[in-house]
Structure formats: structure tokens, C-alpha cells
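**Student:**
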Amino acid sequence: MASSSSESDMSLDPETPLTPMADARASSPLGDRPKEKRRQRLLRGIQRISSSPSLTHIGRPRANTAPYGNRGTLSCISLAPTSPLGQNAPGTSTPGYFPSVPGTPAVEFPEFEGIETRLAPRKVANASMTCLNPGSVSLPQDLAATRPRSGAVRKPHYDFWASMPDEIRIQILSYLRPKELVRVSRVNKYFHKFCFDGQLWTRFDASEFYQEIPAESLAKIIVAAGPFVKDLNLRGCLQIEHHERAEIVAKSCKNLINATLEGCRNLQRTTLHSLIQSNDKLANLNLTSLSAVTNSTCKIISRHCPQLEMLNVSWCKHMDARGIKMVIRGCPKLRDVRAGEIRGFDNLDVAQAIFETNNLERLVLNGCVELNDEALKAMIHGRDPEVDILTNRPIAPPRKLRHLDLSRCSQLTSRGVEALGHFVPELEGLQLNGCRVLTDSALEPILATTPRLTHLELEDLSELTNEILSEHLAKAPCASRLEHLSVSYCENLGDAGMLPVIKKCVGLKSIDMDNTRIGDLVLAEAAAMVRSRAARTSARGSRPRIGLRMVVYDCSMVTWTGVREILSWNAKVRQPSGSKQPTYPTEVIGLKCFYGWQQTVEQHTQRVLRGDFAAAARLEQKWAHYMQAVEEAGAVGAGIRRRRRRAREAQMLHANEEEGGVAAAGRRRARTMAASCSVM
Numbered sequence: 042m043a044s045s046s047s048e049s050d051m052s053l054d055p056e057t058p059l060t061p062m063a064d065a066r067a068s069s070p071l072g073d074r075p076k077e078k079r080r081q082r083l084l085r086g087i088q089r090i091s092s093s094p095s096l097t098h099i100g101r102p103r104a105n106t107a108p109y110g111n112r113g114t115l116s117c118i119s120l121a122p123t124s125p126l127g128q129n130a131p132g133t134s135t136p137g138y139f140p141s142v143p144g145t146p147a148v149e150f151p152e153f154e155g156i157e158t159r160l161a162p163r164k165v166a167n168a169s170m171t172c173l174n175p176g177s178v179s180l181p182q183d184l185a186a187t188r189p190r191s192g193a194v195r196k197p198h199y200d201f202w203a204s205m206p207d208e209i210r211i212q213i214l215s216y217l218r219p220k221e222l223v224r225v226s227r228v229n230k231y232f233h234k235f236c237f238d239g240q241l242w243t244r245f246d247a248s249e250f251y252q253e254i255p256a257e258s259l260a261k262i263i264v265a266a267g268p269f270v271k272d273l274n275l276r277g278c279l280q281i282e283h284h285e286r287a288e289i290v291a292k293s294c295k296n297l298i299n300a301t302l303e304g305c306r307n308l309q310r311t312t313l314h315s316l317i318q319s320n321d322k323l324a325n326l327n328l329t330s331l332s333a334v335t336n337s338t339c340k341i342i343s344r345h346c347p348q349l350e351m352l353n354v355s356w357c358k359h360m361d362a363r364g365i366k367m368v369i370r371g372c373p374k375l376r377d378v379r380a381g382e383i384r385g386f387d388n389l390d391v392a393q394a395i396f397e398t399n400n401l402e403r404l405v406l407n408g409c410v411e412l413n414d415e416a417l418k419a420m421i422h423g424r425d426p427e428v429d430i431l432t433n434r435p436i437a438p439p440r441k442l443r444h445l446d447l448s449r450c451s452q453l454t455s456r457g458v459e460a461l462g463h464f465v466p467e468l469e470g471l472q473l474n475g476c477r478v479l480t481d482s483a484l485e486p487i488l489a490t491t492p493r494l495t496h497l498e499l500e501d502l503s504e505l506t507n508e509i510l511s512e513h514l515a516k517a518p519c520a521s522r523l524e525h526l527s528v529s530y531c532e533n534l535g536d537a538g539m540l541p542v543i544k545k546c547v548g549l550k551s552i553d554m555d556n557t558r559i560g561d562l563v564l565a566e567a568a569a570m571v572r573s574r575a576a577r578t579s580a581r582g583s584r585p586r587i588g589l590r591m592v593v594y595d596c597s598m599v600t601w602t603g604v605r606e607i608l609s610w611n612a613k614v615r616q617p618s619g620s621k622q623p624t625y626p627t628e629v630i631g632l633k634c635f636y637g638w639q640q641t642v643e644q645h646t647q648r649v650l651r652g653d654f655a656a657a658a659r660l661e662q663k664w665a666h667y668m669q670a671v672e673e674a675g676a677v678g679a680g681i682r683r684r685r686r687r688a689r690e691a692q693m694l695h696a697n698e699e700e701g702g703v704a705a706a707g708r709r710r711a712r713t714m715a716a717s718c719s720v721m
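Every number in the numbering used here is 41 more than the matching position in the sequence shown, counting from 1.
1) For Ala265 and Arg370, I'd like the C-alpha separation in whole angstroms.
2) Please name the residue in Val614, Thr557, Trp610 whose C-alpha comes closest to that of Met598.
3) Suppose the cutoff is 6 Å on Cβ atoms and the five residues either side in sequence are ignored; what does the same chain contact list for Val428 look like?
4) For Leu650, collect the residues of the same chain with a Cβ closer than 7 Å to its Cβ; drop the 5 residues on either side in sequence, then sort them by chain order.
5) Would you please state the rounded distance, in angstroms, between the beta carbons of Ala567 and Ile630? I believe it to be under 8 Å.
6) Enumerate, from N- to C-terminal direction, the unbroken beta strand (DSSP E) stretches of 3 or more residues contained entirely within the stretch 498-531.
7) Among Thr491, Cys278, Arg306, which one has its Cα closest to the Cα of Pro439?
8) Please identify the residue among Ala416, Leu259, Trp601 whose C-alpha is closest to the C-alpha of Gly457.
9) Is it buried or exposed, Ala203, if we count other Cβ atoms within 10 angstroms and call 16 or more buried?
10) DSSP on Glu402, reduced to helix/strand/coil?
11) What separation, rounded to the nearest whole angstrom, lies between the Cα atoms of Ala655 and Ser618?
12) Please state whether the Cβ-Cβ distance between Val290 and Ile317 is less than 8 Å.
13) From Tyr251 to Lys220, what does the alpha carbon distance come to, in whole angstroms?
14) Provide the residue span of the beta strand (DSSP E) that contains Gly588, from first to last.
15) Starting from Ser258, trace the alpha helix (DSSP H) in both directions and tell me its first and last residue.
16) What did DSSP end up calling Pro219 once you bin it into helix, strand or coil?
17) In this structure, does DSSP put Glu249 in helix, strand or coil?
18) Spatial neighbours of Arg708 within its chain, please: C-beta separation below 7 Å, excluding the five flanking residues on both sides.
19) What separation, rounded to the nearest whole angstrom, lies between the Cα atoms of Asp481 and Asn399?
20) Given a threshold of 16 other Cβ atoms within 10 Å of its Cβ, counted over all protein chains shown, does Glu661 qualify as buried or as exposed?
21) Can you list, in chain order, the stretches of the beta strand (DSSP E) that have 3 or more residues and sit fully within the stretch 557-583?
22) Under 8 Å, do Asn407 and Gly385 count as touching if we go by C-beta distance?
23) Helix, strand or coil, according to DSSP, for Leu494 in the structure here?
24) Under the three-state reduction of DSSP, which class applies to Leu160: helix, strand or coil?
25) Once you ignore the five residues that flank Glu498 on each side, which residues in its own chain have a CB closer than 6 Å to its CB?
26) DSSP puts Val428 in a beta bridge; with which residues?
27) Report the CB separation of Leu328 from Cys357 in whole angstroms; it is logged as a contact under 8 Å.
28) In whole angstroms, what separates the C-alpha of Gln393 from that of Met420?
29) Can you tell me which of the three DSSP states Gly144 falls into?
30) How long is the line joining the alpha carbons of Gly304 and Leu279, rounded to whole angstroms?
31) Which class does Thr646 belong to by DSSP, given the choice of helix, strand or coil?
32) According to DSSP, what are the bridge partners of Arg227?
33) Who are the near neighbours of Ser455 in its chain, counting only those whose CB is closer than 6 Å to its CB and skipping five residues on each side?
34) Relative to the C-alpha of Leu534, which residue among Lys516, Asp555, Cys519 is closest?
Listed below in C-alpha cells is the structure:
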């Protein structure tokens, strides 16, 4: 008994240096197994009151290192409550529970308050697993699921779009097109508010989607952004034909600068007048082909649009030239007048008003069949001008015209057109298409006194001769600046007139010569001109561009050899002497020719433009062989059957090459060769 009591006293001696680790090793068969590092670090840092009596009054110095540097978890923790008498609470039974000695002082750890929120419980894969330490119990699974995870501090939600300044939002949305803005506006009310902000609708162009947008949506957009719209383009919008919708548009837009109503045929006259009256800042107004435009409309424009610079009333059949006169006199800044097919330009009062303003830079009178020589002279010289006795020319200030279109003014003759000479020094574009009675004398003074001329259209002037081209245009001061020339249907023009022009006018970008007498020499000279003016490159991957466009439809003197000359120079790869690197063209000629050859020409041009010069040269050679075989097959005499067979073979090879060489790898579609063509 004494020995047993002494052993009992020894086990309960508070000075016995027992630790929870030693207790665990003594009570567990796995005591020799080392614990995990995280658990050791945790047990060194935390001093807890164990339920074992052997740990009563045992103190341990606090660890110097931070025990919670890593993410540790508590797998086992003592949950047994202590009563004042050291007894178990009634109704509780805990396996392996050892009551503490009465009077055990409670140890406080203020420095670890809230530690349960920082240490996340370790997930228990098997709930029935027992803890290796008999002095503790495992954490209930329902409690482990409800405790927050360690380190998962949720940041408050940050609404990036709502926190952004309004200016940046508008700048981002400004990159969207009108259709995209309408789609984005459906996201929510917040986006709807910003998508219809007036700053995004200063320019409203409905020409891209006018066939898709309904009338209600169109009116809604204009009403929402109307006060901010400065550029309004409703070309072709027939949706606003309803009177109420048109009134909404007219009342909403108050700050227009540019307005295009071309094609709005059902626009009411009162609505149009209301729109013009409410926009006194209009600078450009396009009313092409509107039936609502009358002389009274022009009167309203002259009174309410003092800033107007451009007016287009072409094909407005319910007005005449008197309306143009009112606009010219009421709008001092007017520089551009387009009045195609308007009646009444034989009125000398209208011509005098045009002369007195002398601010017009563009005057388009195409199709004004009533314009005659007297009216044109009055526009340029004024009525009854004084004449200089030395030069025999009227004394009048030069006109500021830069573009003049007198196409299809059938009453004009050489006597009236030659009045332009010496009085339009800044002229850049002149169109005289369809004035069939004009001769060389009408153009001689104009070409000699217009050094800035870049566009000249003389289509369907059957009275012109080669002399006007070779002696006047080729030697004119504008020869080096000329970019566009059209002499189509001038049946008297041929190689004698065009060759000097192509040699001297080295800046040409387009030539229309269909239905003329030009031949292969002109095509060869054009190829040489482009070759000489364009620099070549040694970069293999570079792609050329079209530098000259030529139209030679219905030219009976142009043969396939001339067309081949163009194709050959387009795909020419040179090997300069003394250089190892070949050079490639940077400019080529785009050709429109006889429809039977056009498919080959287009295929050849496509290969050249994508940089495949070898394939283009191969196509040109096979096409030449085919054309030679066709010519031989048409000859009479001995060997006609052999020549026809060669022509058929050349035709098949050429067809294979036009298809990109696909048929070269296999047999072409079967066909009856004898019945394919009556000639072949």
C-alpha cells in the first residue's frame, strides 16, 4: 500500500516534468513515430490546460519564434468543461476523459484572442477516425464546416465601370459604331443612359443601316441625341415619310452644320422648311432629288442660313435657276453649288448673280440643257464687259472656279466654252462630256491657261482631232500635273494624238480610251511610262499597287499582242547587271479590254498584286501560246487539222492555268472535243 501510494504521489507530483508530447507517447503505441512539423510548432507555441491531472500546474516558456507564420490547423482540441469540484458535468460522458484536480487555476492567453478565426480547421476525410491523443477529442464535422477558412478575407466588390469618370466612359463608347451603341444600350438602364449621351451622337450617319432600322427606332435615336447632332445623314431613309415622325426629327435637331436628306422623297415641304428655319448654322445642305424643294425653299435658305457653304439641289424638278440666284445673293459664304438638270439657266440675271459673287469654287451644271453661250459668257465675263484693245479680251477679274462641270449642256458651242480661257487660272477639274459640237478651238485657250488642271473629261466629243492632244495638251503647262483623262467615244483620236500625251503626262493615274482608234503602240508606251516613273524594289515579299488604270473597250486597233505587252511588263522581274538580287515592280497597270480577254487579264493582275510573279508569267506565256494557236488554226492551206489540234491543246493548257493549275495534277472533266466548237 505504501508503495502504491508513493507511486500515486509520484504520478501526481506537480514538479514532474511531464509534457503533452510525453503523455501522448506513453499512451499511444505510435509514440515512437515523429509528429508533423506543423503540429510540433503548434504544440510548442500553445500552452493549453489539458484534462490530464499530470499536467496541472505545469508551465512552459513561450516560444520565441512566431508559431503562426505558416498556415497551421488544429486537428484535436480539448472540449471537456471543468466544474468547480473537478467532477464531470452531469449527463456527460467523454471517453478517455481525466478530471482535473479541484482548484486548478484557469490560465488566460490574451495574446491569442480570436485565434480560432485565424486558424482554419483541417478537413477530416473520415469522420470515424479517432485521434491518436487520448487526452483530446476531434472537432465535430458540423462545426468544422461552419468555421471560416484561414486567410480567405473577402474583398469588397469593386464596380470598376461605376467608379470610372464619365469622361472616360464617353471616350470608350466613342469607339463604337451607331449599331453597336444601340446594342450595348440594351444591357441595363445605366448603359442606356450613357449610350445615348449627346456627345456620342454629334455625327449621325444612317446610310449604312437605313434599310434595317425601323421608323420608331430612328425617330427615338434622333430625339434622344437631336440637340447634339451636328452632322445628319438620312440618305435614303424613307421611314420618316410619316408627317409626325418627320416633325419629330425637325424639332429635335437644332444645331445642324451638315445635313444630307438625299432620297427622302416623301418629306413634306412644311417639315423641310421647319428644319431649315431652326438650323441657322447650316454649312452644307444636300437636298438632291427632293420633290419638296421649290423656289420658296431657296428663299428660306437665303434668309436663315447665312453660314451656308455648299448647296446641292440637283434633280429637284419643282424649282428653277431663280432659286439659285436667291441663295447666291443671300449666302455670302457659298462656295459650292450643284444644280444638275435644273431649268432656267439661260436667264442672264442668274448668270450675272453668279458673276458678281465670284466666290464659287465648284459649279456643277451637268444636264442643264437650257444653258447657252450667252449665259456662260455672262457668268465668266459679266454682262456687257469692257474689252481690252490690246488683247481683245474682256476686262474682268479672274474666276475662283476650281471645278466646273458642263456635261450634257447640248446648247453650248465652241464660241461659248472658249470664254473660259484666261479667266479660270485655278481650274483643276473640267468636264465637258456630251457637248458634241465642241471642236479643238474651244479647248485651245483653256489648256494654255490652266496650269493646275488635273482632271479633264472630253467624252463623246466626236469633233476633236489628234492635234488637240499632240500640239496642245501634250505641250500645255498642266501636262505634268494631269492625273485623269477621258477621251472615250472620240472616234477621231488615235495613236498620233495619244502617244505624245502619254510621253509627256507622266503623272497619269487613269485613262479612258474606249471606242477610239488607238492601237498597241499606246499600250506599249503606257507600260514604258509606268516602268520609268516607278522605282523598283529588291524586297521579295513586297506587293505592287495599281499605278495606272486604262480602259480600252471596243478599240478595234488593239490586239492581243498589245495586251500581252501590258501583262509582260506587269510581271517583269529584272536582274540588274552587277547585282545578285533581282528587282520587282512597285506599280502595275490595271487594264480593261475586250471581254474575251478580260478574264485572263484579271487573273493575271490578281497574281501580280499578291506578289506571285512566277505564276503570272506562266499564265501570260500559256495565254500567248493559246492565242498563237488560235490564229494559226484560222489560217487556210495544208496542215489545217494539225493546227486546229494544237489550238485545242493550247486552249486546255490555258484553261488549266486560269484555274490556278488545279487540273494539271489530274484529268480535266470529260468532254466531247470534236463538238466543243465549230471552229476548233
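Even glycine gets a Cβ: it sits at the ideal position worked out from N, Cα and C. Bear in mind that the values here come from a model prediction, so they are computed numbers and not experimental data.
**Tutor:** On the basis of the data shown:
1) One-based indexing of the sequence shown puts residue 265 at position 224. One-based indexing of the sequence shown puts residue 370 at position 329. In a straight line, the C-alpha of Ala265 is about 36 Å away from that of Arg370.
2) Along the sequence shown, read from residue 1 onward, the residue named residue 598 stands at position 557. Of the candidates Val614, Thr557, Trp610, the one whose C-alpha sits nearest the C-alpha of Met598 is Thr557.
3) Against the sequence shown, residue 428 aligns to sequence position 387. If we look at Val428 and ignore the five residues flanking it on each side, its Cβ neighbours are Pro435.
4) The residue you call residue 650 lines up with position 609 of the sequence shown. The answer, listed in chain order, is Arg584, Pro585.
5) By one-based count along the sequence shown, residue 567 stands at place 526. By one-based count along the sequence shown, residue 630 stands at place 589. That pair is a contact at about 6 Å.
6) 525-527
7) Walking along the sequence shown from the start, residue 439 turns up at place 398. Per the Cα distances, Thr491.
8) By 1-based counting over the sequence shown, the position of residue 457 is 416. Gly457 has its Cα closest to that of Ala416, out of Ala416, Leu259, Trp601.
9) By one-based count along the sequence shown, residue 203 stands at place 162. Exposed, because fewer than 16 other Cβ atoms sit within 10 Å of the Cβ of Ala203.
10) In the sequence shown, counting from the first residue as 1, residue 402 sits at position 361. If DSSP states are grouped into helix, strand and coil, Glu402 belongs with coil.
11) By one-based count along the sequence shown, residue 655 stands at place 614. By one-based count along the sequence shown, residue 618 stands at place 577. Each residue's alpha carbon lies about 21 Å from the other.
12) Locating residue 290 in the sequence shown gives position 249, where the first residue counts as 1. Locating residue 317 in the sequence shown gives position 276, where the first residue counts as 1. Not in contact: Val290 and Ile317 (Cβ atoms no closer than 8 Å).
13) Position 210 of the sequence shown, counted from the start, is the residue given in the question as residue 251. Position 179 of the sequence shown, counted from the start, is the residue given in the question as residue 220. Cα-Cα distance, rounded: 11 Å.
14) Your numbering for residue 588 matches position 547 in the sequence shown. 586-592 is the span of the beta strand (DSSP E), which, as asked, contains Gly588.
15) In the sequence shown, the residue the question calls residue 258 occupies position 217. From DSSP, the alpha helix (DSSP H) with Ser258 extends over 256-266.
16) In the sequence shown, counting from the first residue as 1, residue 219 sits at position 178. Pro219 falls in the helix class under three-state DSSP.
17) As a position in the sequence shown, residue 249 is number 208, starting the count at 1. Of the three classes helix, strand and coil, the one that applies to Glu249 here is coil, per DSSP.
18) As a first step, residue 708 is located in the sequence shown; it is residue number 667 there, counting from the start. Because the pLDDT of Arg708 is 44, which lies under 50, any placement of that residue in the model is unreliable, and the question is left without a value.
19) Locating residue 481 in the sequence shown gives position 440, counting from the first residue. Locating residue 399 in the sequence shown gives position 358, counting from the first residue. Straight-line Cα distance between these residues: approximately 28 Å.
20) Locating residue 661 in the sequence shown gives position 620, where the first residue counts as 1. The residue is buried, with at least 16 neighbouring Cβ atoms inside 10 Å.
21) none
22) One-based indexing of the sequence shown puts residue 407 at position 366. One-based indexing of the sequence shown puts residue 385 at position 344. The answer is no: Cβ separation not under 8 Å.
23) Translated into positions along the sequence shown, residue 494 becomes position 453. Note: Leu494 maps to coil in three-state DSSP.
24) Counted from its first residue, the sequence shown places residue 160 at position 119. Unreliable placement is indicated for Leu160, whose pLDDT of 48 sits below 50; no coordinate value is reported for it.
25) If you number the sequence shown from 1, residue 498 lands on position 457. Counting only Cβ-Cβ distances below 6 Å, and skipping sequence neighbours, we find Gln472, Asn474, Ser527.
26) Start at 1 with the first residue of the sequence shown, and residue 428 comes out as number 387. Per DSSP, Pro435.
27) Taking the first residue of the sequence shown as 1, we reach residue 328 at position 287. Taking the first residue of the sequence shown as 1, we reach residue 357 at position 316. Rounded, the Cβ-Cβ distance is 6 Å, consistent with contact.
28) Residue mapping note: residue 393 aligns to position 352 of the sequence shown, counting from 1. Residue mapping note: residue 420 aligns to position 379 of the sequence shown, counting from 1. Those two C-alpha atoms are separated by around 6 Å.
29) Taking the sequence shown and counting its residues from 1, one reaches residue 144 at position 103. With a pLDDT of 46 at Gly144, under the threshold of 50, the modelled position of this residue cannot be trusted, and the question is left open.
30) Numbered from 1 along the sequence shown, position 263 holds the residue referred to as residue 304. Numbered from 1 along the sequence shown, position 238 holds the residue referred to as residue 279. Roughly 8 Å separates the two Cα atoms.
31) Counting from one through the sequence shown, the residue named residue 646 turns up at place 605. Of the three classes helix, strand and coil, the one that applies to Thr646 here is helix, per DSSP.
32) Working through the sequence shown from its first residue, we reach residue 227 at position 186. Bridge partners of Arg227: none, in fact.
33) Position 414 of the sequence shown, counting from 1, holds the residue named residue 455. Counting only Cβ-Cβ distances below 6 Å, and skipping sequence neighbours, we find Leu479, Thr480, Ser482, Ala483.
34) Start at 1 with the first residue of the sequence shown, and residue 534 comes out as number 493. For the residues Lys516, Asp555, Cys519, the minimum Cα distance to Leu534 belongs to Asp555.
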